[in-house]
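Student: Quick one: this structure, given as structure tokens, is what I'll be asking you about.
Residue numbers (our numbering): 780 to 936.
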């Protein structure tokens with residue numbers, strides 16, 4: 780089983796790029812992890828937010844297979860504590876053979892078709908973060924969950 784993270788667009792701030800690389804490098808010791816960055820849409824000046832979400836949605840759905848468990852990182856999703864997120868992953872690893880795809884959308888969110896395909900939604904916070912910052916925050920939480928699963932001393936209660 781594999782965990783994949785799909786992101787719309789690229790991270791441009793160097794401090795975030797460094798942080799993401801740091802946590803992605805750490806994750807390889809815990810499970811199979813892949814990150815897919817979908818390039819930004821071109822020539823969007825004359826498109827509405829809805830049209831942008833639709834175009835991003837088409838590109839996203841090309842990456843998703845029927846046997847994937849798709850979890851949207853969405854402000855209206857379920858909130859987990861770090862321990863609960865670790866328990867969720869442990870349960871999934873033990874009882875479900877499907878790859879997990881976590882999806883970070885673009886600045887306008889997801890199309891209706893992506894919401895329809897999703898198996899669930901997860902929220903990192905009630906606060907709003909830029910979609911670029913969410914990437915590093917999520918990767919850190921994924922790493923934290925992995926260390927909790929292994930009983931390592933990274934997380935403190």
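Quick reminder that beta carbons are idealized off the backbone N, C-alpha and C, glycines included.
Quick test of the definition: if touching needs 3 or more C-beta pairs under 8 angstroms, does the segment 796 to 814 touch the segment 883 to 897?
Tutor: At 8 angstroms Cβ cutoff, the stretches do not touch.
Student: Ignoring anything shorter than 4 residues, give me the alpha helix (DSSP H) runs that lie fully in the segment 799 to 882, in order along the chain.
Tutor: DSSP runs (the alpha helix (DSSP H)) wholly in the segment 799 to 882: 828 to 841 and 861 to 874.
Student: Leaving out five residues on either side along the sequence, give the residues of the same chain with a beta carbon under 6 angstroms from the beta carbon of residue 853.
Tutor: Mapped onto the chain shown, residue 853 falls at position 74. These residues qualify, in order along the chain: 900.
Student: Going by beta carbon distance, what residues of the same chain come within less than 7 angstroms of residue 869, once the five residues before and after it are set aside?
Tutor: The count along the chain shown starts at 1 and reaches residue 869 at position 90. Around residue 869: 928.
Student: For residue 782, write down the residues that DSSP places opposite it in a beta bridge.
Tutor: Here residue 782 refers to the residue found at position 3 when the chain shown is read from its first residue. DSSP lists 812 and 879 as partners of residue 782.
Student: Any idea what DSSP makes of residue 900, helix, strand or coil?
Tutor: Working through the chain shown from its first residue, we reach residue 900 at position 121. Here residue 900 sits in strand by DSSP.
Student: What residues in its chain sit with their C-beta under 7 angstroms from that of residue 924, if we drop five residues either side in the sequence?
Tutor: The sequence position of residue 924 within the chain shown is 145, counting from 1. Counting only Cβ-Cβ distances below 7 angstroms, and skipping sequence neighbours, we find 861, 864, 865 and 868.
Student: How would you call residue 909, buried or exposed, if buried means at least 16 neighbouring beta carbons within 10 angstroms?
Tutor: Taking the chain shown and counting its residues from 1, the one referred to as residue 909 is at position 130. With fewer than 16 other Cβ atoms within 10 Å, it is exposed.
Student: Are residue 880 and residue 850 close, meaning C-beta to C-beta below 8 angstroms?
Tutor: Stepping through the chain shown from its first residue, residue 880 is reached at position 101. Stepping through the chain shown from its first residue, residue 850 is reached at position 71. Yes. Within cutoff.
Student: Going by beta-carbon coordinates alone, are residue 906 and residue 917 separated by less than 8 angstroms?
Tutor: In the chain shown, counting from the first residue as 1, residue 906 sits at position 127. In the chain shown, counting from the first residue as 1, residue 917 sits at position 138. Not a contact, by the Cβ cut-off of 8 angstroms.
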